[in-house]
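For the sequence shown, the residue numbers in mature numbering (1 follows the signal peptide of the UniProt record, and there is no 0) are -19 to -1, 1 to 309.
Everything below concerns the one structure shown next.
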Amino acid sequence: MRLLLTLFGLLLYLALASAEHTSNWAVLVCTSRFWFNYRHLANVLSLYRTVKRLGIPDSQIILMLPDDMACNPRNAFPGTVYNNADRALDLYGDNIEVDYRGYEVTVENFIRLLTDRVGEEMPRSKRLLTDDRSNILVYMTGHGGNEFLKFQDAEEISAFDLADAFEQMWEKKRYHEMLFMIDTCQANTMYSKIYSPNIISTGSSEIDQSSYSHHADNDVGVAVIDRYTYYNLDFLETHVREPSSKMTLGDLFDSYDEAKIHSHPGIRLVMDFFGNVQNVEVENGAFWPDDLPDLASRYWHIYTRVLSLHFSKNRNTEKETRSSHGKN
């Protein structure tokens, strides 16, 4: 019996080791500059604040901002960026870490970041240091169209470019699972060419549809957030309050108003992407985790299969023994 328990423990460990990821990363990209695109930068900073709140450290967040709205001379509230007309929360704050800024935000740099095709001189803060056990949230916002997204009104990344970059990441074992979110006009066309495994995609609008802003701040003078991002944030701030949340991506997608937001549904734990991974260290020789009963029930079919094979072997041995005694 002790042998069976040991074997079950080993199988349980192997099953967990093969199924779980070890780190969460976020790549948050605004592709628009100029003051009238204030909302796009606010979109990204809103997601930045959320993933940090849920535990992903700055060392595992790549933030790309092509413009600095906080220091824009048109800003009536210098040094701040808001995503709501009530201006209750300054998204810029005093602890923001921008990794790519201004004219560093290009299609080439974005693809090099994803595929790790950068020089040795590139600092760690500008590199996506993921592996085959990393879950990655890739969020993009800006102006786009059918199968393209504009970068600073100067160049475009196509759905084919994006799909090929993700495939290179998969071939180079740079992710375990990926959540791709995009807020732009005709957003869903940007993931229509993705052919790599383990990628869940969702967007703000279907082909021939626009992506709309949610509301404007009269004192700021422009729209401060887009609708798709607003509703995602509303769900995350309301229902995902801590890293232990069990809300799924299915719950997130079900919260969408399909009359305004069109998305690709999927079911995954939201914290697989938005929060920090809680690693457990074994101390004082303790082997069994506190939640062993839950884990055991989850992998009970493995245990019953082991028992079945064990007793089947015992029965065959007994039959052979009786048969040999009869011959004697």
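Quick reminder that beta carbons are idealized off the backbone N, C-alpha and C, glycines included.
Model, not experiment: these values are computed from the prediction.
Between residue 86 and residue 45, the C-beta gap is smaller than 8 Å, which places the two residues in contact. DSSP, read as helix, strand or coil, puts residue 35 in coil. In the DSSP annotation of this structure, residue 235 is not part of any beta strand (DSSP E); the continuous alpha helix (DSSP H) holding it starts and ends at 230 to 235. The Cβ atoms of residue 113 and residue 154 lie closer than 8 Å to each other. Annotation for residue 20: 194, 204, 205, 206, 207 place their beta carbon closer than 6 Å to its own, counting only its chain and skipping 5 residues before and after. With fewer than 16 other Cβ atoms from the protein chains shown falling within 10 Å of its own Cβ, residue 102 counts as exposed. Here the alpha carbon of residue 170 sits roughly 22 Å from the alpha carbon of residue 214. Around the beta carbon of residue 70, fewer than 16 other beta carbons lie within 10 angstroms, which makes this residue exposed. Considering only 163, 196, 236, 179, the residue with the shortest C-alpha distance to residue 28 is 163. When DSSP assignments are scanned along the region 15 to 82, the uninterrupted stretches of beta strand (DSSP E) that are 3 or more residues long and fall wholly within it turn out to be 42 to 46. Runs of beta strand (DSSP E) with 3 or more residues, each lying fully within the region 139 to 204, are found at 158 to 164, 180 to 184, 194 to 198, listed in chain order. Distance between residue 65 and residue 221, taken at the CA atoms: about 20 Å. Relative to the Cα of residue 184, the nearest Cα in the group 210, 157, 178, 200 belongs to 210. Residue 213: member of the alpha helix (DSSP H) spanning 208 to 220, first to last residue. The DSSP-derived three-state label of residue 90 is helix. By alpha-carbon distance to residue 233, the top candidate from 191, 181, 3, 73 is 181. The beta-carbon separation of residue 13 and residue 123, rounded to 4 Å, stays under the 8 Å limit for a contact. Taking a contact as a CB-CB distance under 8 Å, the pair residue 139 and residue 168 does not count as one, their CB atoms being some 14 Å apart. The shortest C-alpha to C-alpha distance from residue 3 to any of 218, 156, 15 is the one to 156. Annotation: residue 43 to residue 109 spans about 7 Å, alpha carbon to alpha carbon.
Beta-bridge analysis with DSSP links residue 115 to 4. Counting only the Cα atoms, residue 111 lies some 15 Å from residue 179.
Nearest neighbour of residue 152 by Cα position, chosen from 177, 133, 142, turns out to be 177.
Looking from the CA of residue 10, the closest CA among 186, 54, 238, 81 belongs to 81.
One alpha carbon belongs to residue 200, the other to residue 229, and they sit about 37 Å apart. For residue 85, the secondary structure class from DSSP, reduced to helix, strand or coil, is helix. Within the same chain, Cβ atoms closer than 7 Å to the Cβ of residue 125 are found at 131, 165, 166, 167, 168, 171, the five residues on either side in sequence being excluded. Listed in chain order, the non-local C-beta contacts of residue 6 below 6 Å within the same chain comprise 41, 111, 115, 117, local neighbours out to five positions each way being set aside. Cβ neighbours of residue 150 within its own chain (closer than 7 Å, five residues either side excluded): 95, 96, 156. About 4 Å separates the beta carbon of residue 224 from that of residue 256, a gap short enough to meet the 8 Å contact definition.
Judged by DSSP in its simplified three-state form, residue 109 adopts coil rather than helix or strand.
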